[in-house]
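Quick mapping for you: the protein sequence lines, in order, are chains A and B. If you're matching positions, the first sequence starts at 1 in this note's numbering and goes up one per residue. If you're matching positions, the second sequence starts at 1001 in this note's numbering and goes up one per residue. I have placed the structure first, in the form of structure tokens, so that the comments after it can refer back to it.
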Amino acid sequence: MKKNTLILIFIMAAVTFLGGFLRFYKITQNPPSLTGDEISFAYSAYSILKTGKDEHGKFLPLTLEAVGDYKNPLPAYLMIPSIKMFGLTDFAVRFPNALLGTVSIPIFFMFLLDIFKKKKIALLGSFFLSISAWHIFYSRFAYEGITAGLFILLGIWFFTKMLNGKIIWAILSSFFLTLTMYTAPAPRLFVPIFVALAIIVSLPKFKKNLKTSGVFIITCIVLGLPMVYSTLFQGSGTRFNMVFISHDIEFSRYVLLKYFSSVSDLPLLFFFWIKRYLSYFNPSFIFFNGLEATAPGPIGLGILYVFEIPLLIAGITSFIKNKIQFKELFFIWIFAGILPDSITNNQKHTGRLLYLFPVLIILTALGAIELYNLLIKVKKIYLKLTIASLFGIIVLLVLTHAFLIISADFPRDKGESFDEGLREAVYYVQVNRDKYKEIVFDPARGVAAPNIITNSFLYVLFYTKYDPLTYQTEQKITSMPGYESYYKFGKYTFRHIDWQKDQYEKDVLFIGSPWSLPEKDFKNGELLKKIYLTNGSAAFFIVSPK
Amino acid sequence: MFPHYIPQNLLFAELLHKMVYIEDAPYILFPLFSPILIWLISKKIFKGFLALIPLLIFLISPWGWYLAIAHSFYIFMFFLTLIIIYAIVLVRSGSVIFGNVLLVLASLIAMYCSSLFLVFVPLSLIILLITKIVSIKDVKTAVVLLVILTLPLLFIINKEKANFKNEFSNEVKIFSDPSLLNSINRYQGAAAQTGLINLSRISENKYLFFTEYSLLKYASQLVPETVFTPQYKLLGFSFSPPIFMGFAIPFIYGLYLALKKSGLQRLLFVSSILTVPSILANETVALNRLILFSPVIFILISYGLIVLYNKRENVLSRNFLILTLFLVIFQLIITVSDIRTREGQRFVQYFGNKYEITEP
Chain A
1 MKKNTLILIF IMAAVTFLGG FLRFYKITQN PPSLTGDEIS FAYSAYSILK
51 TGKDEHGKFL PLTLEAVGDY KNPLPAYLMI PSIKMFGLTD FAVRFPNALL
101 GTVSIPIFFM FLLDIFKKKK IALLGSFFLS ISAWHIFYSR FAYEGITAGL
151 FILLGIWFFT KMLNGKIIWA ILSSFFLTLT MYTAPAPRLF VPIFVALAII
201 VSLPKFKKNL KTSGVFIITC IVLGLPMVYS TLFQGSGTRF NMVFISHDIE
251 FSRYVLLKYF SSVSDLPLLF FFWIKRYLSY FNPSFIFFNG LEATAPGPIG
301 LGILYVFEIP LLIAGITSFI KNKIQFKELF FIWIFAGILP DSITNNQKHT
351 GRLLYLFPVL IILTALGAIE LYNLLIKVKK IYLKLTIASL FGIIVLLVLT
401 HAFLIISADF PRDKGESFDE GLREAVYYVQ VNRDKYKEIV FDPARGVAAP
451 NIITNSFLYV LFYTKYDPLT YQTEQKITSM PGYESYYKFG KYTFRHIDWQ
501 KDQYEKDVLF IGSPWSLPEK DFKNGELLKK IYLTNGSAAF FIVSPK
Chain B
1001 MFPHYIPQNL LFAELLHKMV YIEDAPYILF PLFSPILIWL ISKKIFKGFL
1051 ALIPLLIFLI SPWGWYLAIA HSFYIFMFFL TLIIIYAIVL VRSGSVIFGN
1101 VLLVLASLIA MYCSSLFLVF VPLSLIILLI TKIVSIKDVK TAVVLLVILT
1151 LPLLFIINKE KANFKNEFSN EVKIFSDPSL LNSINRYQGA AAQTGLINLS
1201 RISENKYLFF TEYSLLKYAS QLVPETVFTP QYKLLGFSFS PPIFMGFAIP
1251 FIYGLYLALK KSGLQRLLFV SSILTVPSIL ANETVALNRL ILFSPVIFIL
1301 ISYGLIVLYN KRENVLSRNF LILTLFLVIF QLIITVSDIR TREGQRFVQY
1351 FGNKYEITEP
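Written out as structure tokens, the structure is:
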């Protein structure tokens, strides 16, 4: 092996190790707790592992039924080996995503090397990915965007290789592109649009390799059919109807001034959508606070770091100016990539854009090289050194700020959104459950107001390692007169706690926020445990009436 | 009944404890004189009837009309800015004397009327001289005259320091947003709890955050969503975009062409100084102030349109041209209908029945 290749492998290994460290370090402590989605995927995975069926009794489901929603199955299936290896633990839940996030780094390196044939771009791009706050943030919990990002990268990479005619690439490309559609909702729209447009712009090559193209299309159809079936007949389409932009609150309340109801409202919807679409290019979203990792404020973390502003601008110029292989595919990637998120009624979400990371990082890497080339042309050495040192200082300051946000601010500001405290509550219950005839959880929580509804039953199932077969087969009570929402299995009940009435229930353990369990009303010895958020606010009280 | 801004007392009047408002001037200046100035400026850039394109775009864009109807003070300042731009164009094209006269007159009026412009006009002139867009030799007389004729104002300011400071802070509100300081305190508090306060002091202090915030504001003025969509609402409530979205296509193309030419790159960069009044406002983008930058946008759109038209034999160019025209006409119709049916109700939803609103 040549010396240069060895050095390259060594540097790549170091970059991957750095990326892995940033993704795995204290992964179970930060984010501070498993989210409702993570828990939901994890228990489904555990249930499938133990019984072959999800918690609702469906055999190897293609769509996972969650509370009021349907989820894509792949994240749960990816968790199965991890749960098998590490048990039903927080680490097992987060391990696959952190691993895929880390693996994305060398794969991205190989992709860049293959497309650009330049080691500098490949190394720089993979380094930017390894330190990307955007990618690190979502790799540290079970978020399907990371898997989608990697699969789309692989799918598009193999698509470019397929254009040279080999059937194996056609199969691999269609496999990864179609698989992505089972991973997250956004790729279900992105992949068909991308494939259609990519075929149009590559039509001459596509026609030239008719056999390969045919294999690609047939594989896509065969692998995609179950998803079409599940969308049409198993409820996955429900999500699309729920989140379509026509139901956007801003649109109905401030633009249309009524609910969207007829075709005549379409023109305004169209212009509202363009406004939404262009807002993805907002500098505040890209560089300053798009990640929403802290409480609202003008300066936080975005998709890219602030020091990447000049790199991105120079990168766009370089991308336009220079001859780059498959340039048109990159254009389609970025412009079609924004489309799925832009037609939803939710706020812009950096997680749903994760599969765009390759394009954005390519642009910044190109920009870095362009600016470096400009810098070496500067003749005065003192000027060259001053510019380089100043930029270096800015990079260090921005990275320090990012480190502080993720390590110190994020757990404090977002603990509640990650359902912090429920793990500790269930641990308490697990140790003490035999002392009580019934254990009641109030699903409503929140420090400012009890306006967050948690799926606390899933936390009970997960942390008590509740036997999936028992859960699938035992009787559950899903409603009770006098309660807006009610759920009961075994000795666990999930309902609103009314302390005025419930304080007379003996041998019952109550777990709820201070809103449903007011501390001032407790008698001596009734309050058994207080659970706090990282920011010091009380999250839950565990109480048993005397 | 139309919403209108509370009139702003002019700087010199405020310092002299008098009341002098520019209330109805926007009504007259906007539809009559500003278009003439835009046409005169674009005549120096585009040949023949092509010079009418920026004027046409300007006249069909809702931006100026909304501000004029609301009696915006910045429509008046826009008129003065156009004169200054025209004066500079004249000086560059050889009409030095007339250019100097216009430059002195418009700059003086602007500086006497607004504390923000008292800083902004000299700053712009200095940048124009440093970047050699205007030669000091050509505007020497104007500069000397400006310095001399500003002395009385500076004299009054010296006597009325507190009054001026108050007036200045009313117009320059960039750092009055408490959320920025709050976030610094929050970040430092969180870092202190985790034992990282020293790192936080270095990387999360007010100097860095104010710099980043200024950068954010500067970048926000320049992205297409700001002027081609109602992202930042006209008069704080409207769904009409400042410029119709269809024009974003020739704008991006014109910008791309301009960026490829090194001479235009510098000119474009310098022209972004016209965004400074909007940057200094309280909001991320203040469309009433950003209108000063609109001539640059109109010219870039026209440039893109002209090149697309010249390359109309090319299928892609022809399609872009057709798409632009379709989108503009379509949105024009929708906007007119929307103004008639919903804008009034929207205003009430945002501001109630109080038709007097504060200008940002």
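Quick reminder that beta carbons are idealized off the backbone N, C-alpha and C, glycines included.
Which whole runs of the alpha helix (DSSP H) in the segment 1293 to 1359 of chain B are 4 residues long or more, in chain order?
1294 to 1310, 1315 to 1338 and 1344 to 1351
How long is the line joining the alpha carbons of residue 283 (chain A) and residue 1023 (chain B), rounded to whole angstroms?
36 Å
DSSP three-state label for residue 474 (chain A), please.
coil
Specify, as a first and last residue, the run of the beta strand (DSSP E) that residue 538 (chain A) falls within.
538 to 543
Distance, residue 1067 (chain B) Cα to residue 1269 (chain B) Cα:
Approximately 26 Å, taken between the alpha carbons.
Count the other CB atoms, across all protein chains shown, that sit within 10 Å of the CB of residue 95 (chain A); report buried if there are 16 or more and exposed otherwise.
buried
Same chain only: Cβ atoms within 6 Å of residue 209 (chain A), ignoring 5 sequence neighbours per side
165
Interface partners of residue 1204 (chain B) on chain A, CB under 7 Å:
401 and 404
Report the three-state DSSP secondary structure of residue 53 (chain A) (helix, strand or coil).
If DSSP states are grouped into helix, strand and coil, residue 53 (chain A) belongs with the strands.
So for residue 145 (chain A), helix, strand or coil by DSSP?
helix
Along the chain, where does the beta strand (DSSP E) containing residue 495 (chain A) start, and where does it finish?
492 to 495
Quick check on residue 1004 (chain B): does DSSP put it in helix, strand or coil?
strand
Inter-residue Cα distance where the pair is residue 452 (chain A) and residue 146 (chain A):
26 Å
Pull up the CB-CB distance for residue 1003 (chain B) and residue 1234 (chain B), whole angstroms please, since I reckon it's below 8 Å.
Not a contact, Cβ separation roughly 10 Å.
How close, in whole Å, do the beta carbons of residue 191 (chain A) and residue 177 (chain A) come, if the pair is a contact with beta carbons under 8 Å?
By a beta-carbon distance limit of 8 Å, residue 191 (chain A) contacts residue 177 (chain A). Their separation comes to about 5 Å.
So is residue 1334 (chain B) in contact with chain A if we call contact Cβ pairs under 8 Å?
yes
Would you mind telling me which residues of chain B sit closer than 8 Å to residue 297 (chain A), beta carbon to beta carbon, in chain order?
1179, 1180, 1182, 1183 and 1186
Smallest Cα separation from residue 373 (chain A): which of A:63, A:311 and A:338?
Of the residues A:63, A:311 and A:338, the one whose Cα lies closest to the Cα of residue 373 (chain A) is A:311.
If you scan the segment 429 to 471 of chain A from start to end, which runs of the alpha helix (DSSP H) of 4 or more residues do you find wholly inside it?
456 to 463
Which residues in the same chain as residue 398 (chain A) place their Cβ atom closer than 7 Å to its Cβ, once the five residues preceding and following it in sequence are excluded?
305, 306 and 307
Within chain A, the residues that residue 1343 (chain B) reaches when beta carbons sit closer than 7 Å
Neighbours of residue 1343 (chain B) on chain A: none; closest Cβ ~10 Å, over 7 Å.
Option nearest residue 395 (chain A) by Cα separation, candidates A:415, A:368, A:118 and A:2
The shortest C-alpha separation from residue 395 (chain A) is found at A:368.
Between the Cα of residue 1286 (chain B) and the Cα atoms of B:1329, B:1162 and B:1242, which residue gives the shortest distance?
B:1242
Going along the segment 1249 to 1263 of chain B in order, which residues come within less than 9 Å of chain A, judged by CB to CB distance?
1256, 1259 and 1260
Residues from the segment 239 to 255 of chain A in contact with chain B, defined by Cβ distance under 9 Å:
253, 254 and 255
Do the segment 48 to 58 of chain A and the segment 12 to 22 of chain A meet, that is, are 3 or more Cβ pairs less than 8 Å apart?
no
Where residue 317 (chain A) meets chain B, residues with beta-carbon distance less than 8 Å
Those are 1259, listed as they occur along chain B.
Contact set between the segment 1118 to 1145 of chain B and chain A, restricted to residues whose Cβ is under 8 Å from the partner:
Within the segment 1118 to 1145 of chain B, no residue has a Cβ lying closer than 8 Å to any Cβ of chain A.
Tell me, which residues are paired with residue 344 (chain A) by DSSP?
A:244
Any beta carbon from chain B within less than 8 Å of residue 307 (chain A)'s own beta carbon?
Interface flag for residue 307 (chain A) against chain B is unset, since no Cβ pair is found closer than 8 Å.
Helix or strand or just coil, what does DSSP make of residue 121 (chain A)?
Residue 121 (chain A): helix per DSSP, three-state reduction.
Residues of chain A with CB under 9 Å from residue 1349 (chain B), in chain order?
253, 254 and 257
Looking only at DSSP bridge pairs, what is residue 508 (chain A) linked to?
A:438
What are the residues of the segment 1281 to 1300 of chain B that lie near chain A, defined by any Cβ-Cβ distance shorter than 8 Å?
1284
In terms of residues, what are the limits of the alpha helix (DSSP H) holding residue 1171 (chain B)?
1161 to 1171
Check the Cβ-Cβ distances between residue 31 (chain A) and every residue of chain B, and say whether any is below 8 Å.
no
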